[in-house]
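Each remark here refers to the structure printed beneath this line.
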Amino acid sequence: MSDAVHGDHGAGEPAHSDSHGSLRGYLIGFILSVILTAIPFWLVMSGVLNSKIATQLAITTLAVVQIGVHMVYFLHMNTRSEGGWSILALAFTLILVVIALIGSLWIIYHLNANMMPDMGQMP
Amino acid sequence: MEMTATGGNATAEAPVFCLAEEQSHAAGSTLLGFWIYVMSDCLLFAALFATYGVLGGSYAGGPTPKDLFELPLVAVNTSMLLLSSITYGFAMLTTHQGRVGATQGWLIVTALFGMAFVGIELHEFAQMFHDGATPQRSAFLSAFFTLVGTHGLHVTVGLIWMVTLMLQVGQRGLIADNVRRLACLSMFWHFLDVIWIGVFTFVYLGGMLR
Numbered sequence: 132m133s134d135a136v137h138g139d140h141g142a143g144e145p146a147h148s149d150s151h152g153s154l155r156g157y158l159i160g161f162i163l164s165v166i167l168t169a170i171p172f173w174l175v176m177s178g179v180l181n182s183k184i185a186t187q188l189a190i191t192t193l194a195v196v197q198i199g200v201h202m203v204y205f206l207h208m209n210t211r212s213e214g215g216w217s218i219l220a221l222a223f224t225l226i227l228v229v230i231a232l233i234g235s236l237w238i239i240y241h242l243n244a245n246m247m248p249d250m251g252q253m254p
Numbered sequence: 004m005e006m007t008a009t010g011g012n013a014t015a016e017a018p019v020f021c022l023a024e025e026q027s028h029a030a031g032s033t034l035l036g037f038w039i040y041v042m043s044d045c046l047l048f049a050a051l052f053a054t055y056g057v058l059g060g061s062y063a064g065g066p067t068p069k070d071l072f073e074l075p076l077v078a079v080n081t082s083m084l085l086l087s088s089i090t091y092g093f094a095m096l097t098t099h100q101g102r103v104g105a106t107q108g109w110l111i112v113t114a115l116f117g118m119a120f121v122g123i124e125l126h127e128f129a130q131m132f133h134d135g136a137t138p139q140r141s142a143f144l145s146a147f148f149t150l151v152g153t154h155g156l157h158v159t160v161g162l163i164w165m166v167t168l169m170l171q172v173g174q175r176g177l178i179a180d181n182v183r184r185l186a187c188l189s190m191f192w193h194f195l196d197v198i199w200i201g202v203f204t205f206v207y208l209g210g211m212l213r
């Protein structure tokens with residue numbers, strides 16, 4: 132019994148060890164995250180870009196980069212973990228998220244525009 | 004050699020009631036299964052973000068983000084969650100080194116940062132309610148409280164889970180089952196920080212730009 136359980140740990144361990152990070156990895160992720168959080172707050176609070184659209188684009192880009200940093204350094208996402216199934220699930224989820232977000236905004240903004248009060252008075 | 008020691012401890016401390024072969028399989032697939040749960044949770048948040056994206060400008064003559072949001076407070080809140088992410092990372096590192104005391108220490112630090120986050124958020128909500136900015140006031144506020152409240156609820160559940168794991172690690176040490184549970188909570192906790200990046204960028208900072 133003991134041997135069986137013990138052997139099983141031996142087999143499980145190598146797969147396990149590449150799924151958790153190193154101190155260096157966590158610190159790199161943390162420092163990058165601090166920088167990528169501080170910049171958007173600074174951009175919005177100081178209003179240095181003088182353009183709302185430019186600021187919006189900049190903070191969106193920084194958020195996407197920061198999500199990538201978290202995925203790699205904190206969630207240890209790579210093409211090898213779980214034999215590639217983790218990243219496959221992530222890719223599928225991202226496709227659905229993009230469809231849900233862009234689809235909702237696109238369709239509902241059009242619906243909203245078509246439901247303006249003066250539309251009812253049209254023949 | 005180390006593996007022999009951990010394997011021996013696990014059986015000495017806890018009777019095993021299932022087949023060893025099955026246990027090995029379960030430990031490996033639990034992490035993937037939990038990751039797929041996290042991804043489904045991500046879809047839940049995508050729906051809430053889409054709702055906020057559509058309704059975020061419908062103020063119904065009520066307060067706007069500029070009237071309500073205090074960016075310095077949001078920055079403090081963001082740093083609390085980011086700090087809790089890195090300290091949970093340290094807890095996982097000490098877990099894999101088999102250091103029970105250090106793991107529990109980092110879990111306590113993480114839980115304190117998490118509680119500070121929830122506390123600041125509740126303070127913010129209380130302030131908004133006091134100013135009459137309740138979820139019933141406008142579509143913007145309904146969407147805001149649903150999205151940010153769901154995230155806060157997730158963090159609260161994560162905290163309950165964390166306290167449970169501290170007790171379990173205290174009772175039975177860093178056995179394979181507890182290491183697996185800690186790894187699942189690690190995914191959940193870091194995922195909540197990822198969602199918060201979306202919240203502070205699109206809800207708080209984006210709200211100020213509307």
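Protein chains in written order, with my numbering: chain D, 132 to 254; chain Z, 4 to 213.
Cβ atoms here follow ideal geometry from the backbone N, Cα and C, with glycine treated the same way.
Q. Which bits of chain D does Z:His193 rub up against, with CB to CB less than 8 Å?
A. Against the second sequence, residue 193 of chain Z aligns to sequence position 190. Near Z:His193 (Cβ distances below 8 Å), the residues of chain D are His201, Phe205, Leu206.
Q | Entirely enclosed alpha helix (DSSP H) segments - the region 171-238 of chain D, minimum 4 residues | A | 183-200
Q. Does the region 42-56 of chain Z come within contact of the region 65-85 of chain Z, defined as at least 3 CB pairs closer than 8 Å?
A. no
(Q) Shorter than 7 Å, the distance from the beta carbon of D:Ala169 to the closest heavy atom of the ligand PLP, or not? (A) As presented, the structure is devoid of all ligands, the ligand PLP included, so that no description of it is given.
Q: For D:Gly215, decide whether its Cβ has a neighbour in chain Z, counting only Cβ atoms nearer than 8 Å.
A: Within the first sequence, numbered from 1, the residue matching residue 215 of chain D stands at position 84. By this cut-off, D:Gly215 is not an interface position.
Q.
Rounded to whole angstroms, what is the Cα-Cα separation between Z:His99 and Z:Leu177?
A. Locating residue 99 of chain Z in the second sequence gives position 96, counting from the first residue. Locating residue 177 of chain Z in the second sequence gives position 174, counting from the first residue. Spanning the two alpha carbons is a distance of roughly 9 Å.
Q.
Against chain D, does Z:Gly92 count as a neighbour if the rule is that its beta carbon must be under 8 Å from one of theirs?
A. For the purposes of this step, residue 92 of chain Z is taken as residue 89 along the second sequence, with counting starting at 1. Cβ-Cβ to chain D under 8 Å: yes for Z:Gly92.
Q | Residues from the region 55-67 of chain Z in contact with chain D, defined by Cβ distance under 8 Å | A | Gly56, Val57
**Q.** Interface residues of chain D facing Z:Asp196 [CB-CB closer than 9 Å]
**A.** The sequence position of residue 196 of chain Z within the second sequence is 193, counting from 1. Ser164, His201, Phe205, listed in chain order.
Q) Leaving out five residues before and five after Z:Leu85 in sequence, what residues of the same chain have Cβ atoms less than 8 Å from its Cβ? A) Looking up residue 85 of chain Z in the second sequence gives position 82. Taken in chain order, the residues that qualify are Asp196.
(Q) For D:Lys183 and Z:Arg213, what's the separation of their Cα atoms in angstroms? (A) If you number the first sequence from 1, residue 183 of chain D lands on position 52. If you number the second sequence from 1, residue 213 of chain Z lands on position 210. Their Cα atoms are separated by approximately 8 Å.
Q) Cα-Cα, which of Z:Pro68, Z:Ile111, Z:Ala63 is closest to Z:Ile89? A) As a working note, residue 89 of chain Z is residue 86 in the second sequence. Residue Z:Ile111 is the option with its Cα nearest to Z:Ile89.
(Q) Is the beta carbon of D:Gly156 closer than 8 Å to that of D:His201? (A) Working through the first sequence from its first residue, we reach residue 201 of chain D at position 70. Working through the first sequence from its first residue, we reach residue 156 of chain D at position 25. No, the pair does not count as a contact, with Cβ atoms beyond the cut-off.
Q. Among residues of its own chain, excluding the 5 on either side of Z:Pro68, which ones have a beta-carbon nearer than 7 Å to its beta-carbon?
A. Locating residue 68 of chain Z in the second sequence gives position 65, counting from the first residue. If we look at Z:Pro68 and ignore the five residues flanking it on each side, its Cβ neighbours are Gly210, Met211, Arg213.
Q: Say whether chain Z places a C-beta atom closer than 8 Å to the C-beta of D:Thr186.
A: Counting from 1 along the first sequence, the entry for residue 186 of chain D is found at position 55. Cβ-Cβ to chain Z under 8 Å: yes for D:Thr186.
(Q) Using only the alpha-carbon positions, how far apart do Z:Leu35 and Z:Leu46 sit? (A) Residue 35 of chain Z sits at position 32 when you count from the first residue of the second sequence. Residue 46 of chain Z sits at position 43 when you count from the first residue of the second sequence. Going from the Cα of Z:Leu35 to the Cα of Z:Leu46 covers about 17 Å.
Q: Please list the partners that Z:Cys45 has in chain D, where partner means a Cβ-to-Cβ separation under 8 Å.
A: In the second sequence, residue 45 of chain Z corresponds to position 42, counting from 1. Those within 8 Å of Z:Cys45 in chain D are Thr224, Val228.
Q: Note down, in chain order, every chain Z residue with its Cβ under 8 Å from the Cβ of D:Ile239.
A: For the purposes of this step, residue 239 of chain D is taken as residue 108 along the first sequence, with counting starting at 1. Neighbours of D:Ile239 on chain Z, chain order: Val57.
Q. Any Cβ of chain Z within less than 8 Å of the Cβ of D:Leu221?
A. Numbered from its first residue, the first sequence carries residue 221 of chain D at position 90. Output row for D:Leu221: interface = yes.
Q: Would you mind telling me which residues of chain Z sit closer than 7 Å to D:Ile198, beta carbon to beta carbon, in chain order?
A: Taking the first residue of the first sequence as position 1, residue 198 of chain D is located at position 67. Here the neighbours are Val197, Ile200.
Q. Considering Z:Pro66, what are the terminal residues of the alpha helix (DSSP H) in which it resides?
A. To locate residue 66 of chain Z, count along the second sequence from 1; it is residue 63. Where Z:Pro66 is concerned, there is no enclosing alpha helix (DSSP H), given that its DSSP letter is neither H nor E.
Q.
So, under 8 Å CB-CB, Z:Thr159 and Z:Val121 are touching, yes? Tell me the CB distance rounded to an integer number of Å.
A. If you number the second sequence from 1, residue 159 of chain Z lands on position 156. If you number the second sequence from 1, residue 121 of chain Z lands on position 118. Going by Cβ atoms, the distance from Z:Thr159 to Z:Val121 rounds to 6 Å, so yes, they are a contact pair.
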